[in-house]
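10 is the number of the first residue of the sequence shown in this note's numbering; add one for each residue after it.
Built from N, CA and C at the ideal position, the CB exists for glycine as well.
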Amino acid sequence: CVESDPSQPRKRATQRKSENQRVLDRANDQLALEFFGSEKGLLMKAFWRNSSGQKRSVFETDLPIIGEAEREQMVQLTVLTREVGFHYQKKKDCFILDDFERIAGFFSHGMQRWKSIIKDLTLDAGAKEMAQGLQQVEIMGRAEGLGRKKMQLNYQFRLGSEWMDQEEVQRLVSAKKGTYYLKGRGIVQIKEGQSRALKYWEVSFDPNRVNEWPRYMLYSLWVDKGINLDLAGELKRWRVRLLSQGSKQDEFIEELPEFLRTYQVEGVTWLKHIHHNGGHALLADEMGLGKTLQVLTLINYCAEFKRSSLIVCPASVVPVWKSEVERWYPKLKVRILKSDQMPNKEKGILWISSYSLLRRNIEAVKKVQFEYLILDEAQCIKNPLAKVSQACFALKGQYRLAITGTPLENKLLDLWSIFNFLMPNLMGTLQQFETALQSENSAVASEFSQHVKDQISPFVLRRLKERVAQELPEKTEVDIICPIEDAQKTFYNAYLNSGISNLDSSGSGFIDKEKRFNLFSLLTRLRQVCCDPGIIPNVDFPIESSGKVLVLLSRLSEAFDGRKKRKVVIFSQFVKLLDRLKPVLSKRFPETQIFELKGSTRDRSQPVKAFQNERESAIILVSLKAGGTGVTLNTADYLFLMDPWWNPAVENQAIDRVHRMGQTLPVFIFRMITKGTIEERIQKLKSEKRALFDSTFNDVNMVKDIHEYFGNLNHLTALEAEELGE
């Protein structure tokens with residue numbers, strides 16, 4: 010056995026006596042708190058302080074806590090710290106509150122309660138500065154011109170009557186919630202609105218970096234939110250100059266061609282003015298007022314041709330742009346962008362691309378710096394998350410221009426994407442824009458909508474035809490060049506090859522004499538394919554796949570998409586085409602009345618009267634046989650000729666149904682002509698030899714001379730090998 014140590018009982022007794030004495034000594038100890046202010050937050054240490062002033066941590070663990078008074082004080086401390094948000098750091102044996110807004114709230118609202126419970130509280134110098142509460146920082150912004158198209162933003166921060174130094178500003182703007190403790194100043198705060206404004210402007214307080222922005226940002230939706238900008242004198246003059254609409258450009262106006270109408274001259278000078286002053290424009294004239302011509306005139310007379318330019322448009326419009334260039338400014342070098350033909354270092358080329366082709370080849374195209382960068386039918390990028398929109402955003406251009414005939418007053422969300430292409434950041438982030446636009450407070454949403462219109466107004470030009478009616482002729486005729494889709498090409502070439510084999514058995518390229526009358530059967534079949542192969546017996550073809558029908562639907566959407574009521578007449582000699590169009594139109598425009606006037610219509614006066622008396626937008630589908638003569642449709646102002654007639658006299662009869670006595674509006678006549686087909690060739694010939702053509706097709710006996718007018722049969726009918734940008 011092991012002998013016990015006789016001294017152990019005495020040691021344990023002595024230890025118990027010492028502990029009992031220490032417990033007795035703690036009976037009168039009071040809880041004491043010391044607060045320290047620092048950049049990390051508000052630190053607090055908790056002590057037991059005895060009557061001699063000695064202190065020890067409340068978390069000393071060598072003795073258990075006993076006594077109701079001591080236990081009650083610890084419970085109170087636990088409750089108080091949790092309420093405020095203090096958390097305990099064991100390594101430092103202290104509590105810390107690192108949210109400066111809550112620190113300020115603690116001193117302004119909670120400290121009095123703490124003092125009533127815990128009598129012994131002390132604050133160091135930093136904590137006393139924090140106890141003064143939140144001090145709001147005043148931010149002063151100033152914008153100064155930087156070159157002709159840019160500006161520089163400078164900001165100063167003032168606290169009371171003193172300016173903050175660069176280091177203090179940097180720490181403050183980097184702080185959480187824009188609230189921070191600065192030694193010697195206390196808790197300082199940037200107002201929430203000002204903090205958002207600084208983030209919006211991506212303000213850098215790095216002395217080596219210039220806060221540089223395009224001048225157009227002075228029209229940002231958020232420019233006056235949070236921080237008022239003081240504009241230098243030159244920038245004030247720039248704003249006045251921008252709003253002048255470019256009226257003083259007499260020398261430039263004299264250079265422009267005489268075939269431009271006055272409002273078109275104004276449009277070109279306005280575009281030049283906006284670009285010259287560092288902005289980028291949205292041309293939104295109503296359909297038929299010549300947006301394409303205005304843009305081509307701008308390029309022809311304003312481009313320096315040190316770089317190439319790019320026009321992006323729907324595939325159906327690619328041939329229209331090419332034709333318009335050849336018609337008005339044939340000296341411009343124009344090329345269709347293809348997968349194997351991309352922009353390069355060659356200067357002065359006007360490239361035309363479809364949206365889909367651009368999307369597929371954006372990696373190559375985005376490397377090119379263009380002079381003019383133009384989006385036609387800009388509503389195609391209304392979805393900012395779509396790949397085609399992202400592709401357009403990635404393009405680089407010195408001057409940007411968007412074109413659309415679709416009113417945008419009721420589609421403000423679409424505007425964000427278009428203006429993100431034109432002038433990035435002008436409308437803030439998509440989230441900012443959507444949040445403001447979709448506010449549950451209708452008054453706030455309405456006010457924001459009006460604010461959007463006011464801010465973008467310097468960069469948008471829209472004229473309705475009623476506004477420029479005095480400049481318009483009574484009748485404006487426009488040839489709309491439509492694409493032929495791949496499926497249509499297959500049908501076209503099949504009928505073409507079969508027809509030529511039948512008409513030219515010898516292979517000479519000319520019609521066999523005994524088969525000359527059969528030529529018209531072939532031409533009619535080809536014209537049907539141009540409209541819609543589905544109108545040919547025993548041919549299964551979806552009408553929505555017709556290039557001409559797609560263009561028609563696009564134009565009608567533009568015509569009906571506004572506050573103005575429109576009356577539209579659609580003429581065709583093919584009744585089956587009209588029959589197939591009606592359900593498509595009813596589905597696309599469910600609120601638009603659609604009337605029919607065909608040879609089978611028993612009482613022609615009924616649909617005509619209903620159309621004439623309709624007060625809302627309406628469409629009437631008219632066949633040549635039923636509506637060629639004796640019908641008045643003079644409440645319409647838009648007329649679409651789906652299949653141009655061989656005989657101009659017959660075509661004029663159709664036009665005269667609308668453009669006749671009693672018509673009070675300018676009339677727009679649109680001929681739908683399929684690119685590269687018999688339709689385009691006949692139309693060209695009609696304009697060149699109108700009188701000769703008229704006499705030829707009015708006198709069937711002269712059909713024997715048709716080869717003299719059209720030459721080689723292949724040349725007459727062959728589909729041109731023209732890439733449409735797809």
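Check, Outcome
"Within 10 angstroms of its Cβ, does GLY414 collect 16 or more other Cβ (buried), or is it exposed?", "buried"
"Could you say if the region 394 to 407 and the region 345 to 353 meet the contact criterion of at least three C-beta pairs nearer than 8 Å?", "no"
"Taking ALA98 as the reference, which of GLU138, LEU86, MET53, ASN59 has the closest Cα?", "The amino acid occupying residue 98 in the given sequence is Gln; Ala does not appear at that position. Nearest C-alpha to GLN98: MET53."
"What's the C-alpha gap between GLN740 and ILE361?", "Here the chain has residues from 10 to 735 only, and residue 740 is not among them."
"Hey, how far is the Cα of GLU313 from the Cα of TYR381?", "10 Å"
"Let me check understanding here. Comparing Cα to Cα, which of VAL327, GLY357, ASN434 lies closest to LYS347?", "VAL327"
"Skipping 5 residues on each side, what residues in its chain have a beta carbon closer than 8 Å to that of ARG564?", "MET296, ILE489, PHE649, PHE679"
"To the nearest angstrom, how far is it from the Cα of SER60 to the Cα of LEU40?", "12 Å"
"Name the one or two DSSP bridge partners that GLN350 has.", "LYS347"
"Short check: CB of ARG690 to CB of GLU480, under 8 Å?", "no"
"So who's on the other strand from SER632, going by DSSP bridges?", "SER581"
"Measure from the alpha carbon of LYS484 to the alpha carbon of each residue in GLY299, GLN161, VAL667, then state which is nearest.", "VAL667"
"Please look up how many angstroms separate the CB atoms of LYS585 and ILE544, rounded, as I've assumed it's under 8 Å.", "4 Å"
"Assuming PHE677 is part of the beta strand (DSSP E), what are its boundary residues?", "676 to 683"
"Roughly how many angstroms separate the alpha carbons of PRO339 and PHE430, rounded to a whole number?", "29 Å"
"DSSP three-state label for VAL469, please.", "strand"
"Nearest by alpha-carbon distance to GLY6: which of PRO551, CYS103, GLU494, ALA78 is it?", "Here the chain covers residues 10 to 735 and nothing more, so residue 6 does not appear."
"Here's the rule: buried if 16 or more other CB atoms are within 10 angstroms of the residue's CB, otherwise exposed. What is GLU177?", "buried"
"Rounding to the nearest angstrom, what Cα-Cα distance links LEU240 and GLY195 in this structure?", "32 Å"
"Enumerated in chain order, which unbroken segments of the beta strand (DSSP E) with a length of 3 residues or greater are wholly contained in the region 126 to 169?", "129 to 132, 147 to 155, 159 to 168"
"Let's test the definition: count the other Cβ atoms within 10 Å of the Cβ of LYS300 and tell me whether it reaches 16, buried, or not, exposed.", "buried"
"By the three-class DSSP mapping on this structure, what secondary structure does PHE529 have?", "helix"
"Less than 8 Å between the C-beta atoms of LEU470 and TYR504, yes or no?", "no"
"So GLU221 packs on LYS159, CB below 8 Å; how close in whole Å?", "6 Å"
"Three or more C-beta pairs closer than 8 Å, one from the region 182 to 189 and one from the region 275 to 284: is that the case here?", "no"
"For ALA312, which three-state DSSP category applies?", "coil"
"From the DSSP secondary-structure annotation, give me the bridge partner or partners of ALA627.", "LYS576, GLN602"
"Please work out which residues of its chain come closer than 7 Å, Cβ to Cβ, to LEU532, disregarding the five sequence neighbours upstream and downstream, and give them in chain order.", "ILE687"
"Go ahead and pull the three-state DSSP assignment for GLN441.", "helix"
"Classify GLU264: buried if its beta carbon has 16 or more other beta carbons within 10 angstroms, exposed otherwise.", "exposed"
"Of all the options ILE412, SER451, LYS576, ILE682, which has the alpha carbon lying nearest to the alpha carbon of GLN537?", "ILE682"
"Straight-line CA distance for LEU307 to LYS281?", "7 Å"
"If I measure Cβ to Cβ from TRP337 and keep anything under 7 Å in the same chain, skipping five residues before and after, which residues do I get?", "LEU302, LEU305"
"Let me know if HIS96 comes out buried or exposed under the rule of 16 or more other beta-carbons within 10 Å of its beta-carbon.", "exposed"
"Please go through the same chain and pick out, in chain order, the residues whose beta-carbon is closer than 6 Å to the beta-carbon of ILE199, but skip the five residues on each side of it.", "VAL146, GLY187"
"Can you tell me the Cβ-Cβ gap for SER530 and CYS540, rounded? I've got them flagged as a contact below 8 Å.", "Not really, about 16 Å apart at Cβ, beyond 8 Å."
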